[in-house]
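Residue numbering for the sequence shown follows this note's numbering, starting at 94 and increasing by one per position. A virtual CB, placed ideally from N, CA and C, is assigned to each residue, including glycine.
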Amino acid sequence: MTPEDLRALCLSFDAAVEDFPFNPETSVFKVLGKVFALTALDERPLTVSLKCDPEDAIRLRAEHPGLIVPGRHLNKRHWNTVTADGDLPDGLVRELVEDSYDLVVAGLPRAERLRLDRP
94 MTPEDLRALC LSFDAAVEDF PFNPETSVFK VLGKVFALTA LDERPLTVSL
144 KCDPEDAIRL RAEHPGLIVP GRHLNKRHWN TVTADGDLPD GLVRELVEDS
194 YDLVVAGLPR AERLRLDRP
């Protein structure tokens, strides 16, 4: 996956925006003010930190050692850092980004969730 593909994917979700609260190099993708993805699009390898169900996080790390690791500078129970331009299939990366978005949306108040396309 290229940096352009990753940015386009993150911005393809309803109400998703790109923000730079930390520095100009770190893209932070949010839905209604809540973070679902963080990445430095210019770094190689290209990695993205994504929210993940804790049980799935452990399983994914075991299945893809070195490519999916505990989230850097984040709660390691709930976040994974995924190498997006390595040996992981693009389809899996897309699925993990979507899962992160869905987890964040599920945690939003009901009134905010109803404004989005997803239940």
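Asked: Beta-carbon within less than 6 angstroms of residue 174's beta-carbon, same chain only, minus the 5 sequence neighbours each way: which residues are those?; Found: 140, 142, 162, 164, 165
Asked: Under 8 angstroms between C-beta atoms, does residue 209 make it to chain D?; Found: Note that chain D does not occur in the displayed structure, where there is just one protein chain.
Asked: May I ask you to list the residues that DSSP assigns as paired with residue 173?; Found: 143, 163
Asked: Looking at the structure shown, is residue 111 part of a helix, part of a strand, or coil, going by DSSP?; Found: strand
Asked: When DSSP labels each residue in this structure, what does residue 130 get in the three-state scheme?; Found: strand
Asked: Rounded to the nearest angstrom, what separates residue 123 and residue 110 at their Cα positions?; Found: 5 angstroms
Asked: Answer with buried or exposed for residue 71, where buried requires no fewer than 16 other C-beta atoms within 10 angstroms of its C-beta.; Found: Look at the range of the chain in this structure, 94 to 212, and you will see that residue 71 is not part of it.
Asked: Have a look at residue 194 and residue 108 and give me their C-alpha separation to the nearest angstrom.; Found: 11 angstroms
Asked: Where does residue 104 land, buried or exposed, given buried means 16+ other C-beta within 10 angstroms?; Found: exposed
Asked: What's the gap between the Cα of residue 156 and the Cα of residue 150?; Found: 10 angstroms
Asked: Given a cut-off of 8 angstroms, decide if residue 196 and residue 146 are closer than it, judged by their beta-carbon atoms.; Found: yes
Asked: Residue 171 to residue 118, Cα distance in whole Å?; Found: 23 angstroms
Asked: Could you check where the beta strand (DSSP E) with residue 105 kicks off and where it finishes?; Found: Neither: residue 105 is in no beta strand (DSSP E) and is coded neither H nor E.
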